[in-house]
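Below is one structure, written out as structure tokens, with a few remarks after it.
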Amino acid sequence: MDKQNRTVLPEFILLGVTQRPELQLPLFGVFLIIYMVTVVGNLGMIILTKHLAFIDLGNSTVICPKMLVNFVVDRNTISFYACATQLAFFLMFIISEFFILSAMAYDRYVAILGIPYLYSTFQALLFTSKIFTLTFCGSKVISHFYCDDVPLLPVLCSNAQEIQLLIILFSALNLISSLLVVLGTYILILLAICQMHSAEGRKKAFSTCASHLTVVVVFYGSLLFMYLQPKSTHSFESDKIASVFYTLVIPMLNPLIYSLRNKEVKNAFFRVFKNLCKFIT
């Protein structure tokens, strides 16, 4: 494309979860409640699983506040630099979650070093710099409710083959490698449980793994649903539904799942909620 015909876009338009006006305020209320539960729940869960709580809280905070604003304003725009910042932090948090869940499959209370965060930060900066050093032109409408790498590709007028290949390679690497670690760990756990002679011991072992296994199934299930859809049925609308789950719903559910069996987390949850109510009133 001729350089004279190229347009540098100062901002993008996010289409959001839905374009139906009558659903904007109800969805604002729903996602506001989801975000409040996520914040309170993960602040309480920091005592037990600080890394997962930090990731979930960060992931929701990167996306939800801007999304809530877009429900109640006329122009759902996001600036060029805000979009780049949102993409970088989103990728950092979501990639970190792969490896946090893998580490927690081995030991729920494991002391996680900084390697997953460094690796995810490297990938986030790599993708963000690759995408935002390319040229945007034509339509500035992003068919999503936040800035993600795949929805940004149709807005590019530069050759996006290299970044598409990187997205496929790293997405497959992150998803498959972390999932294999989780599956391998649970196979070993299952074999160990089968060798137990005590029914009470087997019950306790299953109970210990239940919360993490529930989180893993919901998180990886939503991602596999998005990536393994046939091309004939794949659409950005179905991607939005999957994205709502792993960026907003799952961070809200994680503290609830873990707190069901932990008295310490329940007490911390209620303390945080009580203090928040006092602050609001």
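First residue of the sequence shown? That's 1 in UniProt numbering, and the numbers climb one at a time after it. We put the CB at the ideal spot given by N, CA and C, even for glycine.
Exercise for the section: Could you check the C-alpha separation between Thr77 and Val62 for me, to the nearest Å? Expected result: Locating residue 77 in the sequence shown gives position 77, where the first residue counts as 1. Locating residue 62 in the sequence shown gives position 62, where the first residue counts as 1. Going from the Cα of Thr77 to the Cα of Val62 covers about 16 Å.
Practice task
Would you kindly check if the distance between the Cβ of Leu152 and the Cβ of Leu223 is under 9 Å?
Solution key: Here residue 223 refers to the residue found at position 223 of the sequence shown. Here residue 152 refers to the residue found at position 152 of the sequence shown. Contact flag unset, no.
Practice task
Answer yes or no: do Ser120 and Ile95 have a C-beta to C-beta separation smaller than 9 Å?
Solution key: If you number the sequence shown from 1, residue 120 lands on position 120. If you number the sequence shown from 1, residue 95 lands on position 95. A contact, by the Cβ cut-off of 9 Å.
Exercise for the section: Check whether the Cβ atoms of Ile100 and Leu165 sit closer than 9 Å, and answer yes or no. Expected result: For the purposes of this step, residue 100 is taken as the residue at position 100 of the sequence shown. For the purposes of this step, residue 165 is taken as the residue at position 165 of the sequence shown. Their beta carbons are not under 9 Å apart, which means Ile100 does not touch Leu165 by this criterion.
Exercise for the section: Please confirm whether Ile55 and Phe90 have their CB atoms less than 9 Å apart. Expected result: Walking along the sequence shown from the start, residue 55 turns up at place 55. Walking along the sequence shown from the start, residue 90 turns up at place 90. No, they are not a contact pair.
Problem - Helix, strand or coil at residue 330 according to DSSP, with G and I counted as helix - result: Absent from the model: residue 330. The displayed extent of the chain is 1 to 281, so no value can be given.
Problem - Segment limits, beta strand (DSSP E) that includes Thr77 - result: By one-based count along the sequence shown, residue 77 stands at place 77. Boundaries of the beta strand (DSSP E) harbouring Thr77: Thr77 to Ser79, taken from the DSSP string.
Exercise for the section: Please report how far the alpha carbon of Pro10 lies from the alpha carbon of Leu134, in whole angstroms. Expected result: The sequence position of residue 10 within the sequence shown is 10, counting from 1. The sequence position of residue 134 within the sequence shown is 134, counting from 1. Taking the straight line joining both Cα atoms gives about 14 Å.
Practice task
Inspect the beta-carbon positions of Ala105 and Val216 and report whether they are closer than 9 Å.
Solution key: Counting from 1 along the sequence shown, the entry for residue 105 is found at position 105. Counting from 1 along the sequence shown, the entry for residue 216 is found at position 216. Cβ atoms of Ala105 and Val216: closer than 9 Å.
Practice task
Grab me the residues of Ile112's own chain with a C-beta within less than 7 Å of its C-beta, minus the 5 sequence neighbours each way, in chain order.
Solution key: Here residue 112 is taken as the residue at index 112 of the sequence shown, counted from 1. For Ile112, the pLDDT reaches just 49, beneath the cut-off of 50, and the residue's location in the model is therefore unreliable, although a value from the coordinates is still provided. Closer than 7 Å at Cβ, skipping near neighbours: His51, Ile100 and Ala103.
Exercise for the section: Could you tell me if Gln19 is buried or exposed, where buried requires 16 or more neighbouring beta carbons within 10 angstroms of its beta carbon? Expected result: Locating residue 19 in the sequence shown gives position 19, where the first residue counts as 1. Exposed: under 16 other Cβ atoms inside 10 Å.
Practice task
Quick one: residues in its chain with C-beta nearer than 6 Å to the C-beta of Val37, no 5 flanking neighbours on either side, listed in chain order?
Solution key: Position 37 of the sequence shown holds residue 37. Answer for Val37: Met252, listed in chain order.
Handout entry: Other residues of its chain near Phe245: CB distance less than 7 Å, five sequence neighbours each side excluded
Key = Mapped onto the sequence shown, residue 245 falls at position 245. These residues qualify, in order along the chain: Ser222.
Practice task
Compare the beta carbon distance of Val28 and Leu68 with 9 Å and say whether it is the shorter of the two.
Solution key: What you label residue 28 is simply residue 28 of the sequence shown in a count that begins at 1. What you label residue 68 is simply residue 68 of the sequence shown in a count that begins at 1. Reading the sequence as shown, one finds Phe at residue 28 and not Val. In contact: Phe28 and Leu68 (Cβ atoms closer than 9 Å).
Exercise for the section: Look at the Cβ atom of Phe145, then the Cβ atom of Leu25, and state whether they are nearer than 9 Å. Expected result: Your numbering for residue 145 matches position 145 in the sequence shown. Your numbering for residue 25 matches position 25 in the sequence shown. Taking a C-beta distance under 9 Å as the contact criterion, Phe145 and Leu25 do not qualify as a contact pair.
Exercise for the section: State the DSSP-derived secondary structure class of Leu228, mapped to helix, strand or coil. Expected result: Numbered from its first residue, the sequence shown carries residue 228 at position 228. Correct three-state label for Leu228: coil.
Practice task
Starting from the C-beta of Phe71, find all residues in its chain whose C-beta is less than 8 Å away, skip the five residues before and the five after it, and write them out in chain order.
Solution key: Taking the sequence shown and counting its residues from 1, one reaches residue 71 at position 71. Answer for Phe71: Gly16, Gln24, Leu25, Leu27, Phe28 and Phe31, listed in chain order.
Practice task
Under 8 Å by Cβ, that's how I've got Tyr258 and Ser207 pegged, so tell me the actual separation to the nearest angstrom.
Solution key: Translated into the one-based positions of the sequence shown, residue 258 becomes position 258. Translated into the one-based positions of the sequence shown, residue 207 becomes position 207. About 13 Å separates the Cβ atoms of Tyr258 and Ser207, ruling out a contact at the 8 Å cut-off.
Exercise for the section: State the start and end residues of the unbroken alpha helix (DSSP H) segment that holds Phe54. Expected result: Residue numbering aside, residue 54 sits at position 54 when the sequence shown is read from its first letter. First-last of the alpha helix (DSSP H) with Phe54: Lys50 to Val72.
Exercise for the section: For Met226, collect the residues of the same chain with a Cβ closer than 6 Å to its Cβ; drop the 5 residues on either side in sequence, then sort them by chain order. Expected result: Counting from 1 along the sequence shown, the entry for residue 226 is found at position 226. Here the set comprises Asp239 and Ala242.
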